[in-house]
Ligand SMILES: CC(C)(COP(=O)(O)OP(=O)(O)OC[C@H]1O[C@@H](n2cnc3c(N)ncnc32)[C@H](O)[C@@H]1OP(=O)(O)O)[C@@H](O)C(=O)NCCC(=O)NCCS
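In my numbering, the protein residues as written are 1 to 179.
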């Protein structure tokens, strides 16, 4: 896993004027209109990744990426095959990475990986306090599915979410123990 020199922090009002642009309309619309109110309303925590002074001098925006984290639940049968163990039949607790994006001018610099590992670190920490079977993402297309698959997320069967992916918490936890 890569050296993480970039840090994330909770979103603030000034970030909306940072010029962040993923190039994907629903993600940019979410960042501009919903990320801050949802964070303030306890609907979805949003974390942003600050550019370095060198990045800003090179003309990049002050925010280079963001992601959101929320509690969520999954149907037991959706994750049973991945976990390969008996589970209760009622909905089970997971963490959800709802949105994750890197500015389109800063792609290919491992910032997507930095954001994802940061989100997983927070989810692992949260799982010490509130039980959580794993992390889910709803990949928006085949490319996003390929990105998450690199980090051991597997696509699960879910009739309402065609590209729902799941990473068991014990695997996320073990990855950080190895660091
Ligand atoms: C997907 C995204 C976050 C990747 O960010 P990035 O900073 O360009 O990616 P990184 O440099 O961190 O790449 C890390 C690894 O993922 C791979 N990767 C990056 N984008 C990928 C893609 N679209 N498909 C498959 N693999 C991808 C890289 O090749 C690299 O793999 P390697 O370890 O073999 O070298 C970015 O392209 C993005 O914001 N896309 C638009 C929003 C989006 O699709 N978000 C996903 C959630 S729906």
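Just so it is clear, CB atoms sit at the ideal spot from N, CA and C, and this is done for glycine as well.
Sequence-distant Cβ neighbours of residue 91 in its own chain, meaning closer than 8 Å and more than five residues away, are 73, 74, 75, 76.
Each of 173, 94, 106, 126 was checked against the Cα of residue 134, and the nearest Cα belongs to 94. Under DSSP, residue 39 forms no beta bridge with any residue. DSSP places residue 136 in the uninterrupted beta strand (DSSP E) bounded by 134-138.
Distances between the C-beta of residue 109 and the heavy atoms of ligand 1 include at least one below 7 Å. Non-local beta-carbon contacts of residue 141 in its own chain, meaning distances under 8 Å to residues more than five positions away in sequence, involve 163 in chain order. Inter-segment contact for the region 77-89 and the region 25-35 is absent: fewer than three beta-carbon pairs are separated by less than 8 Å. At a cut-off of 7 Å, the beta-carbon of residue 155 does not count as near ligand 1: no heavy atom of the ligand is closer than that. Distance from residue 101 to residue 59 at the Cβ level is roughly 19 Å; contact not present, criterion being Cβ atoms closer than 8 Å. Collapsing the DSSP output to three states places residue 103 in coil. Residue 136 places its beta carbon less than 8 Å from that of residue 166.
The closest heavy atom of ligand 1 lies less than 7 Å from the beta carbon of residue 27.
Residue burial is scored here from C-beta neighbours: residue 152 has fewer than 16 other C-beta atoms within 10 angstroms and is therefore classed as exposed.
Residue 157 and residue 109 have their C-alpha atoms roughly 32 Å apart.
Sixteen is the threshold: when 16 or more other Cβ atoms of the shown chains lie within 10 Å of the Cβ of residue 63, as they do, the residue is buried. Annotation: the continuous alpha helix (DSSP H) that includes residue 148 extends over 142-149. Shortest gap from the CB of residue 139 to any heavy atom of ligand 1: under 7 Å.
The shortest CA-to-CA distance from residue 6 to any of 43, 111, 99 is the one to 111. For residue 168, the enclosing beta strand (DSSP E) begins and ends at 164-168.
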